[in-house]
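Single-structure report; data block below.
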Amino acid sequence: MKIKKFNVIGIMSGTSCDGLDIAYCSYWMDNGKWHYELINKSFTQYDPVMSEKLLKSSKLSSYDLKKLDIELGELISTNILSLIKNHSIKPFLISSHGHTVLHNPAEKITLQIGNPLIISNKTKIKVITNFRELDVLTGGQGAPLVPYGDKHLFSENDYCINIGGIVNISNLKSKIITAYDVCPANIILNKYSRAMGLEYDKNGSIASKAKKINSLFNKLNNLGYYNIDGPKSLDIDLIEKEFLPLLKGYAHEDILCTTIHHIAYQINKSLGSKNNNVLLTGGGVFNTFLLKKIKSYNKLNNNFIVPNSDIVSFKEAIIFGYLGLLRYLNYENISKTVTGSKNSSSSGTIIESKLF
Numbered sequence: 006m007k008i009k010k011f012n013v014i015g016i017m018s019g020t021s022c023d024g025l026d027i028a029y030c031s032y033w034m035d036n037g038k039w040h041y042e043l044i045n046k047s048f049t050q051y052d053p054v055m056s057e058k059l060l061k062s063s064k065l066s067s068y069d070l071k072k073l074d075i076e077l078g079e080l081i082s083t084n085i086l087s088l089i090k091n092h093s094i095k096p097f098l099i100s101s102h103g104h105t106v107l108h109n110p111a112e113k114i115t116l117q118i119g120n121p122l123i124i125s126n127k128t129k130i131k132v133i134t135n136f137r138e139l140d141v142l143t144g145g146q147g148a149p150l151v152p153y154g155d156k157h158l159f160s161e162n163d164y165c166i167n168i169g170g171i172v173n174i175s176n177l178k179s180k181i182i183t184a185y186d187v188c189p190a191n192i193i194l195n196k197y198s199r200a201m202g203l204e205y206d207k208n209g210s211i212a213s214k215a216k217k218i219n220s221l222f223n224k225l226n227n228l229g230y231y232n233i234d235g236p237k238s239l240d241i242d243l244i245e246k247e248f249l250p251l252l253k254g255y256a257h258e259d260i261l262c263t264t265i266h267h268i269a270y271q272i273n274k275s276l277g278s279k280n281n282n283v284l285l286t287g288g289g290v291f292n293t294f295l296l297k298k299i300k301s302y303n304k305l306n307n308n309f310i311v312p313n314s315d316i317v318s319f320k321e322a323i324i325f326g327y328l329g330l331l332r333y334l335n336y337e338n339i340s341k342t343v344t345g346s347k348n349s350s351s352s353g354t355i356i357e358s359k360l361f
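Just so you know, we're using our numbering here: the sequence shown kicks off at 6 and counts up by one.
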């Protein structure tokens, strides 16, 4: 019997607000297990103006937010069409996470922008979007969503940890998927790098020459968020209210250094058991000082695995392509054990290209 393959474009814009990840993948099921192949990919760095707009998007007026929604939708469409043209590919489905502006599960609020109607209209391809809202409306955190893909596509690992704007962890050791947001990462590191006139601290070179402030390190580790059992999730507003006030008054380079120690400590604390294979992905993996500190806080003999750079950079886009495919097939793509929702669900809004 011939195996049916689904060619999908997955798109992710993360909390780091650095750029747009697009992955064109083939997905197929064989012997009851899903597989994937990353065929083409592209990364578009946001210009400083767009990056600043996205960073401040939760504070925009409704009018300016709608303008940004349209602008991002146009940008996503342009980059999809470029990928299609440059590689002569024929995706049957586009799965776009968009960019998160608001996320407050306690009030059943989550909002992503990057207008999907524009994407579908310009590409003439079906679009899946709005992955989080159904879960939030039924009592879930609406995050993290990537663990569902981790379980199906990266199950050879005991844990998957993504170090992006926020660190999240997926525990793949049991049949029941568990996951949560661990701590802030690049969302803080990039903020203080920008304050020093840099886009980011390449390789953590500035942080590596600065000093760890032990009193600040302890304050960060004693924040209330770390005493909450999962499911739990972080968002920009929570980080601004609880994390950033603690950083005021310190030299920027020392904040970078101390934050890296904090991230490394919390990552190791989140594992809690010995001799695990731990897959590390996300932009933070390119920070060599952070990787060094993750290993230095490793007291449980865990094996940290850094895959090839394509997986490091595009794993979330690969997974959102997969989640969109599952929604199209009306299969479950969000687990209640991860988000705390009343029910697992097949989540996402389908925009039919034939509408245009």
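Beta carbons are placed, not taken as given, at the ideal position from N, Cα and C, and that holds for glycine. Bear in mind that the values here come from a model prediction, so they are computed numbers and not experimental data.
Asked                                                                                                                                                                         : Found
Let's see if you can read the secondary structure: which residues bound the beta strand (DSSP E) around A28?                                                                  : G24 to D35
Report, in whole angstroms, the separation of the C-beta atoms of S198 and D206, which I expect to be a contact under 8 angstroms.                                            : 5 angstroms
So, with DSSP's three-state summary, where would you put K95?                                                                                                                 : coil
Where do the N-terminal and C-terminal ends of the beta strand (DSSP E) with E204 fall, by residue?                                                                           : It is not in any beta strand (DSSP E) - E204 carries neither H nor E in the DSSP assignment.
Write down every uninterrupted run of the beta strand (DSSP E) in the segment 58–138 whose length is 3 residues or greater and which is fully enclosed by it, in chain order. : 98–109, 114–118 and 131–134
Would you mind working out which of C165, D140, W33 and Y29 sits nearest N307, comparing C-alpha positions?                                                                   : C165
Going by C-alpha distance, which of I272, L328 and N120 is nearest I174?                                                                                                      : I272
For L252, name the three-state secondary structure that DSSP assigns.                                                                                                         : helix
For N162 and L284, which I take to be in contact (beta-carbon distance under 8 angstroms), what is that distance rounded to the nearest angstrom?                             : 4 angstroms
Starting from Y41, follow its DSSP beta bridges and name the residues at the other end.                                                                                       : Y32
Which two residues bound the contiguous beta strand (DSSP E) that contains D259?                                                                                              : Here D259 belongs to no beta strand (DSSP E); instead the alpha helix (DSSP H) covers H257 to L276.
Under the three-state reduction of DSSP, which class applies to T342: helix, strand or coil?                                                                                  : helix
I need the boundaries of the beta strand (DSSP E) containing F309, first residue and last residue.                                                                            : N308 to I310
Over the uninterrupted alpha helix (DSSP H) stretch that includes D155, give me the two end residues.                                                                         : V151 to L158
Run through the DSSP bridge pairs and tell me what D186 is partnered with.                                                                                                    : N173
Write down the C-beta distance between P96 and S238 rounded to the nearest angstrom, noting that I regard them as a contact closer than 8 angstroms.                          : Wrong, their Cβ atoms sit about 30 angstroms apart, outside the cutoff.
Skipping 5 residues on each side, what residues in its chain have a beta carbon closer than 7 angstroms to that of E79?                                                       : I123
Specify the secondary structure class of N167 as computed by DSSP and reduced to three states.                                                                                : strand
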